[in-house]
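Each residue of the sequence shown is one higher than the last, beginning at 1258 in this note's numbering.
Idealized CB from N, CA, C, for every residue including glycine.
Only one structure is covered here, and it is reproduced in the block below.
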Amino acid sequence: AELDEGWRQLASSKRTGQKRLSEAKVQLDTGKEALTEAKAEYEKAKADSDGELAEARQKIADAERDLQDLKEPTWYVWNRNNNPEYADYDGNAEKVDAVAAVFPVFFILVAALVCLTTMTRMVEEQRTQIGTLKALGYSRGAIQVKYVAYAMAASLVGSALGLAVGFKLFPWVIINAYKAMYNLPTPLTPIHWGFGAACTAVAVVCMGLTALGACTATLREFPAQLMRPKAPKAGKRVLLERVPFLWKRLNFTQKVTVRNLFRYKRRALMTIVGIAGCTALMLTGFGLRYAILSIGEKQYENIFVYDTLASLKDSLTPEETQNALSDALLVPDTAEGTLIYTRSLDVRAGGTVRTVNLLVPSEPETLREYFDLHERVSGKALDLTGDGVILNEKLARILDVRAGDTVSLLNPDGRPVEVTVTGINENYALNYVYMTPGAYEDGFRSKPAYNEILLNLADGADETAVSSGLMKLDAVQAVVQTSGLSSSFDKMLSSLNSIVWVLIFSAGALAIVVLYNLANINVNERVRELATIKVLGFFDKEVTAYITRENTISSILGMLIGLAGGIFLERFVVHTAEVDIVMFAPDISWDCFVFAGLLTMVFAQAVNFFLHFKLKKIDMVESLKSVE
């Protein structure tokens, strides 16, 4: 049994050994295969490494050669003034500052006029008190201090209220108006104490001087004279009475009105001057609004008369460009089209350099179908010829050039191209130079690479469908409709409306103050006269007409003078507020005159309406009592 057991263990050991031997052989074969693969990978890695090493050595050699050829660089240091957007905003701020230096002068003059009238009336009303004070021994200076201090105190209170509005409301309105053109943060409206102190000082000094002037004339009289009422002005013949042909045709109230106007010359003159100033300011506001808002219509309907602009992709061959034009004309609703080359470059005249848009049409003889080039004043049509270039009016004004002068077009390679200005055309948005293909090739020594297509559409064409059809063309990368440009430009500039309306509102409010103040003083000074005519049988409406007719005539005269003077003020403001790339419409629309004049008369009639109720309340008995 032990022997059998030994034989079984021997057989089992033999089988185990054979199995292990077979596994070892398999592992040996696998190891040989792995070794073979490792050798192959090693050879491949070695070959790749040798190639990369050679490539790296070649790059090093090339870099060393480039380094040897490298020249010393030129450094350019730019500040934020070289940023076009920043420089443009800074220019706009300077324009607003220039406008702000003009309007306060008119407002202060009119305010001083109102204060002078008010203080004069106040001093005349208190003649008895002034005479009593002089009789009691008070000096002129002590009496003057009372009225000067009153005017200066009122000026301080008014200045505080005005500065609160001026520092907070108006800057916020104006800055938010410019947000339509610039990406601006939340506006900061701090109180500038220096400006506030200067404005307050001007207001206080002006009002104090007017009050001092009003007191000085009265204080020259003796106390006994001052304690009696001021003698009314004597009536006298007026100039119109020396013209019997006209004078006889006037009725009684009309004759009285004419005599009163000449009798109270100073008050009539103050009314005329005040209304003229306010009307001029309102005309300037309406004129500035028209000058801004009419740009879109004038530029994109009267000058740019094409309907659609399609921008082509870069690097197109001349054949591909012509094919793009042919394909564009196959789009439904397109009537005619032409190629044009546009690029931005600098133009120089004297020491002035400006960046402009150069336009080179492929067919100058058909340019008038897409651009209406003409002079603004005379309307004379301008033809683009190879003798020179056509500039827009604003660019010519900036460069100070005229037809026949020479300007330099600065090529990017630094070589200037001297050209003659053959015409100056009307233009309002951006600056353009028009040039023929032959003149461009002679000057720049290369043919223009046309990169845009101008198209005119059929009547009633669907612009959206045309744009979609053009965008399907491989050569077209963008499409712009002229109608869209006009509306976008109008939307951008309409934000400036708020500035204009602030000006119009301020001028209107000032007109109401001037009219009401002068009319109220007129009634108070003539209350005995008005009570007398009421006793004589004048009805309330007749008494009102007795006064308001004078106010109306003075307002009409002031309005006419203001409309005439406002033309020059509006032109100054328009030229001051312009930026380099935009020319505001220099003419004034007839409706601006109508609105400015109509508002003036509306304010005058509104004051007359409220004055009627004041006249009805005049107590005839109290007014006619003896003042002795």
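Residue 1560 and residue 1683 have their alpha carbons spaced roughly 8 Å apart.
One Cα belongs to residue 1401, the other to residue 1473, and the distance between them is close to 8 Å. Take residue 1618, set aside five residues on each side of it, and the residues of its chain with a beta-carbon closer than 6 Å to its own are 1597, 1624, in chain order. A distance of 7 Å or more separates the beta carbons of residue 1531 and residue 1830.
Considering only 1787, 1666, 1781, 1868, the residue with the shortest C-alpha distance to residue 1375 is 1781. Taking C-beta atoms as the reference points, residue 1543 and residue 1852 count as a pair closer than 7 Å.
Three or more beta-carbon pairs separated by less than 8 Å link the stretch 1681-1696 to the stretch 1643-1653, which places the two stretches in contact. If the five residues before and after residue 1482 are omitted, its C-beta is found closer than 8 Å to the C-beta atoms of 1388, all from its own chain and listed in chain order.
Here the alpha carbons of residue 1813 and residue 1439 stand approximately 43 Å from one another. For residue 1567, the closest alpha carbon among the candidates 1384, 1674, 1521, 1724 is that of 1724.
An exposed status is given to residue 1508, since fewer than 16 other beta-carbon atoms sit within 10 Å of its beta-carbon. With distances taken between CA atoms, residue 1732 lies nearest to 1709 out of 1709, 1719, 1721, 1718. The beta carbon of residue 1541 sits closer than 6 Å to the beta carbons of 1823, 1826, 1827, 1830 from its chain, once the five residues preceding and following it are set aside; these are given in chain order. Taking C-beta separations shorter than 8 Å and ignoring five residues to either side along the sequence, the partners of residue 1792 in its chain run 1877, 1881, following chain order. Here the stretch 1439-1448 does not lie against the stretch 1406-1416, with fewer than 3 beta-carbon pairs under 8 Å apart. Pairing residue 1720 with residue 1738 gives a Cβ-Cβ distance under 7 Å. Boundaries of the alpha helix (DSSP H) harbouring residue 1857: 1847-1873, taken from the DSSP string.
Per DSSP, residue 1324 lies in no beta strand (DSSP E); the unbroken alpha helix (DSSP H) holding it starts and ends at 1259-1326.
If you ignore the 5 residues before and after residue 1692, its C-beta comes within less than 6 Å of the C-beta of 1617, 1646, all in its own chain and listed in chain order. A distance below 7 Å separates the beta carbons of residue 1656 and residue 1609. For residue 1667, no alpha helix (DSSP H) encloses it; the enclosing beta strand (DSSP E) starts and ends at 1663-1667. Beta-bridge pairing by DSSP links residue 1594 to 1712.
Note on the stretch 1484-1518: whole alpha helix (DSSP H) runs with a minimum of 4 residues are 1501-1504, in chain order.
Annotation: residue 1296 to residue 1274 spans about 32 Å, alpha carbon to alpha carbon. By the neighbour-count definition (other C-beta atoms within 10 Å, threshold 16), residue 1290 is an exposed residue.
Segment contact: the stretch 1797-1815 against the stretch 1858-1878, three or more CB-CB distances shorter than 8 Å; contact assigned.
The beta carbon of residue 1707 sits closer than 7 Å to the beta carbons of 1578, 1596, 1597, 1598, 1619 from its chain, once the five residues preceding and following it are set aside; these are given in chain order. A direct Cα-Cα distance of roughly 40 Å separates residue 1629 from residue 1336. Straight across, the Cα-Cα distance linking residue 1841 with residue 1546 is about 10 Å. Non-local beta-carbon contacts of residue 1818 in its own chain, meaning distances under 7 Å to residues more than five positions away in sequence, involve 1529, 1533 in chain order.
When DSSP states are grouped into helix, strand and coil, residue 1390 belongs to the helix group. In the DSSP secondary-structure assignment, residue 1675 is bridged to 1665. Secondary structure of residue 1363 (DSSP, three-state): helix. Assigned with DSSP and collapsed to three states, residue 1480 falls in helix.
Straight-line measurement puts the Cα of residue 1621 at about 13 Å from the Cα of residue 1711. Its chain contains 1544, 1547, 1824, 1827 as the residues whose beta carbon lies nearer than 7 Å to that of residue 1845, once the 5 sequence neighbours on both sides are disregarded; these appear in chain order.
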